[in-house]
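Each remark here refers to the structure printed beneath this line.
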Amino acid sequence: MPHLQFEINRHIPDATKVALAQRVRQLFAEVMDTGTDHISIKGA
Numbered sequence: 010m011p012h013l014q015f016e017i018n019r020h021i022p023d024a025t026k027v028a029l030a031q032r033v034r035q036l037f038a039e040v041m042d043t044g045t046d047h048i049s050i051k052g053a
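Using my numbering, you'd call the opening residue of the sequence shown number 10 and step up by one each time.
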């Protein structure tokens, strides 16, 4: 499974991080033609 890493050099609210993670999960599932139940996203 590919590893994606996003580094953002400024503070963003937790709600924004969650929204980004959800969107990335959905897009990744679409691109890879798979479900989202096995995609793991870790926050810092």
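Note that CB positions come from ideal geometry on N, CA and C, so glycine has one too.
The three-state secondary structure of L29, taken from DSSP, is helix. For the pair I48 and R32, the CB atoms are not nearer than the 8 Å cut-off. Annotation: Q14 to D42 spans about 20 Å, alpha carbon to alpha carbon.
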